[in-house]
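Number of protein chains: 2
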Amino acid sequence: MSFIATPQTLHFDAPLALRSGATMPAYTLAYETYGTLNAERSNAVLICHALNASHHVAGVYEGQPKSEGWWDTMIGPGKPVDTNRFFVIGVNNLGSCFGSTGPRDVNPATGREWGADFPVVTVEDWVDAQARLLGQLGIQQLAAVMGGSLGGMQALSWTLQYPERVRHGVVIASAPNLNAENIAFNEVARRAIVTDPDFHGGHFYAHGVVPKRGLRIARMIGHITYLSDDVMNEKFGRQLREGLDLKYSTQDIEFQIESYLRHQGDKFSEYFDANTYLLITRALDYFDPARAHGGQLARALAAATAKFLLVSFTTDWRFSPKRSREIVKALLDNRRDVSYAEIDAPHGHDAFLLEDPRYLAVVRSYFERIAQEAA
Amino acid sequence: MSFIATPQTLHFDAPLALRSGATMPAYTLAYETYGTLNAERSNAVLICHALNASHHVAGVYEGQPKSEGWWDTMIGPGKPVDTNRFFVIGVNNLGSCFGSTGPRDVNPATGREWGADFPVVTVEDWVDAQARLLGQLGIQQLAAVMGGSLGGMQALSWTLQYPERVRHGVVIASAPNLNAENIAFNEVARRAIVTDPDFHGGHFYAHGVVPKRGLRIARMIGHITYLSDDVMNEKFGRQLREGLDLKYSTQDIEFQIESYLRHQGDKFSEYFDANTYLLITRALDYFDPARAHGGQLARALAAATAKFLLVSFTTDWRFSPKRSREIVKALLDNRRDVSYAEIDAPHGHDAFLLEDPRYLAVVRSYFERIAQEAA
């Protein structure tokens, strides 16, 4: 039984200058908070989300017992990030589709939905917007900023953009940038969406359609990269969907893995915004703090003053342990305080969202240290 | 300078019973031969092709100096499979789109193109059709049957379906069946094709269109799985396509890898048949000789009497060395004569088509042994 979470929104009238050179006019951020901000305002933890998640990080909504937040195993009373001790904030990023201003909203300059004209947002832009939100909440310094995958990139970027405002960076199943294969998968997914005739150049809202075909393909590709080869073989293997006899069909579902992927694709296409998919995968592609430092990650991370916990998972081939180790090395080159755990887990990239006792224990003990430091 | 190859066709009037229970009525196979069949008819080598290749294995076509066959590095006068010694046969599989009967041809029962009604063909069916072709060419026993990837599956299946007709099986970068991840990638590619509105349920020929969007996505996905992470990073990395400045666009090409993939997708969609793509990926999915033996590969391979060479490539994550080793082990369990080479090559699955001196040397020396045995 989880606690009740209540989504909130904050509106920002001041425009936000973006890395692209464009400006985001007035905008809204959706967020949730759990626990209580202490008198010193020193126990705040910001959680950054990955591709398809939101500000609904933990707890359930009133009357919806199955609406657990996406990191409910990690965050809550008595959990590794203990909301009896910490004041936890989840925020939906700009350009997403769960309550913060995004492509489905109306562009005040045109009076119609932003669609594909929504400004390209970067990890750095999101961090700027999150920093403003924290300002409004009266939080000058975070005890920790934490995220997995793309969320981990935001956590890392926080320590570089606002070093004085972060005591700990917790970067899980992440990478200092995408490699060519990561970009390649993103690009195929984007092409599937953009070439869907129902995309209408990104202005499909006006046509009353959704590029579901493209979204389905994008999600199916995503799911393959979230799972390890091992866990796929264990969960699905070559199991047939029906009985023991082959149907000999190229279009009907024959194997369980096909059924699973189609189902995931269908579900996703019902709720996720196609323009948001493009924006978020592009933010992933662009993130590369070393770029402004001649590709030298150690030089880029010199700006960070926080202490760090990094976690990776052995079977994660999307953001492999090697990529986390690059961050660890670059931080150590700068003589930063770094803890690193490489968890032997079979679940691939998805492992960061799952209930693995060793993983949860590592995070728990790190947050106990944070709590003791603050005490 | 390569030799001149000349495509030929043979027509078969007798229907072919397929594993699905369906029957392929009269059909044509396109093939090429290189070298000379010796008086004993003992020097024939059959080459089986993978997904998008054909009977044009080696040499060039008259007046087309750049039309080298897909395995021209491997096969020809003085090459590892030396056409001065061996009589080499390449054959285009049933259901393909390069000259053998396929979905673009007219179904005699309806008078219109087969399209999606083309019978589902399996690796075993292809081998049966190849065996008939060899019968017509007067070849009772092959010195060797050889193939890479899906071609390797055919080579393996030859040794099980017609053990007495094969002296050597050469199985390169292959697997005893697809794993869940392999099937998953095939399924996404098929969904991209089938959900393209220009697919028209597989009868797009009559509409004068081609489901190019789907074919492009399928090919882009394929290419990612053919290359290793390492070689992608080396060839493309995070290189921008134009200059040093980011464009901040979700739809324009920003990175070189995007440009490469889109180009590969565009090229493929110009020449490859969408229904063939479905058929060939399904043949891959279905191949599983252990299935009829309770999943026991060693029991399945007990039927083989040939000697074997298996080759795998360290960075091939589509058909990893582990999968080749499963075949090696199952053959050794049956006390078969097996040579196995694991080539340390950076190129991923594509390596089997590339000019790697160690790889070519392994195949060369194996075929020298075959030649000596025959002498």
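Line order of the protein sequences matches chains X and Z.
What the first sequence shows, in the numbering used here, is residues 154 to 528, in sequence order.
What the second sequence shows, in the numbering used here, is residues 154 to 528, in sequence order.
Even glycine gets a Cβ: it sits at the ideal position worked out from N, Cα and C.
With 16 other Cβ atoms within 10 Å as the buried cut-off, status of residue i
i               : result
R511 of chain Z : exposed
Q283 of chain X : buried
T403 of chain Z : buried
R391 of chain X : buried
R265 of chain X : exposed
K365 of chain Z : buried
P168 of chain X : exposed
R476 of chain X : buried
S422 of chain Z : buried
V234 of chain Z : buried
K219 of chain Z : exposed
V244 of chain X : buried
E277 of chain Z : buried
D157 of chain Z : Note on identity: in this sequence residue 157 of chain Z is Ile, with Asp being the wrong assignment. Under this definition I157 of chain Z is an exposed residue.
Check: residue i C-beta below 7 Å from any heavy atom of the ligand ZN
i               : result
L290 of chain Z : With respect to the ligand ZN, the structure offers nothing, as it holds no ligand at all.
C-alpha distance - residue i paired with residue j, whole-angstrom precision
i               : j               : result
T434 of chain Z : T254 of chain X : 42 Å
L506 of chain Z : V515 of chain X : 46 Å
S155 of chain Z : V210 of chain Z : 12 Å
Q293 of chain Z : F240 of chain Z : 13 Å
S327 of chain X : S249 of chain Z : 42 Å
Y413 of chain X : L331 of chain Z : 17 Å
G188 of chain Z : Y439 of chain X : 54 Å
V347 of chain X : G268 of chain Z : 27 Å
A427 of chain Z : P499 of chain X : 36 Å
A203 of chain Z : L462 of chain Z : 18 Å
V319 of chain X : W223 of chain X : 23 Å
N191 of chain Z : G447 of chain Z : 42 Å
Y358 of chain Z : G367 of chain Z : 15 Å
K420 of chain Z : R372 of chain Z : 9 Å
I200 of chain Z : G304 of chain Z : 8 Å
Y214 of chain Z : Y379 of chain Z : 27 Å
L431 of chain X : D398 of chain X : 41 Å
H360 of chain X : P272 of chain X : 21 Å
W311 of chain Z : I242 of chain Z : 15 Å
D258 of chain X : G354 of chain X : 16 Å
8 Å Cβ cutoff met for residue i and residue j
i               : j               : result
S302 of chain Z : Y401 of chain X : no
I336 of chain X : F408 of chain Z : yes
L581 of chain Z : V274 of chain Z : Past the boundaries of the shown model lies residue 581 of chain Z; chain Z is included only from 154 to 528, so the question cannot be answered.
P178 of chain Z : P261 of chain Z : yes
M299 of chain X : V198 of chain X : yes
I370 of chain X : R344 of chain Z : yes
P474 of chain Z : P329 of chain Z : no
F425 of chain Z : N205 of chain Z : yes
A296 of chain Z : A527 of chain Z : yes
M385 of chain X : E334 of chain Z : yes
E495 of chain Z : S465 of chain Z : yes
Three-state class that DSSP yields for residue i in the structure shown
i               : result
T176 of chain X : strand
Q409 of chain X : helix
G501 of chain X : helix
T429 of chain X : helix
I292 of chain X : coil
E185 of chain X : strand
L331 of chain X : coil
S473 of chain Z : coil
G243 of chain X : strand
E508 of chain X : coil
L485 of chain X : helix
A401 of chain X : Contrary to the premise, residue 401 of chain X reads as Tyr rather than Ala in this sequence. Note: Y401 of chain X maps to coil in three-state DSSP.
K460 of chain X : strand
S492 of chain Z : strand
M373 of chain X : helix
V347 of chain X : helix
L454 of chain X : helix
Q217 of chain Z : strand
Reference residue i; option with closest CA among the options
i               : options                           : result
T186 of chain Z : Z:A167, Z:N205, Z:M177 and Z:P160 : Z:P160
R471 of chain X : X:Y439, X:Y493, X:K482 and X:A504 : X:A504
H376 of chain Z : X:V341, X:M373 and X:L286         : X:V341
V324 of chain Z : Z:D486, Z:A459, Z:Q525 and Z:I157 : Z:A459
Q314 of chain Z : Z:E495, Z:Y493, Z:P329 and Z:V280 : Z:V280
P316 of chain X : X:G212, X:D258, X:A456 and X:L450 : X:A456
S492 of chain X : X:V481, X:P350 and X:D486         : X:V481
N487 of chain X : X:E508, X:K232 and X:R452         : X:R452
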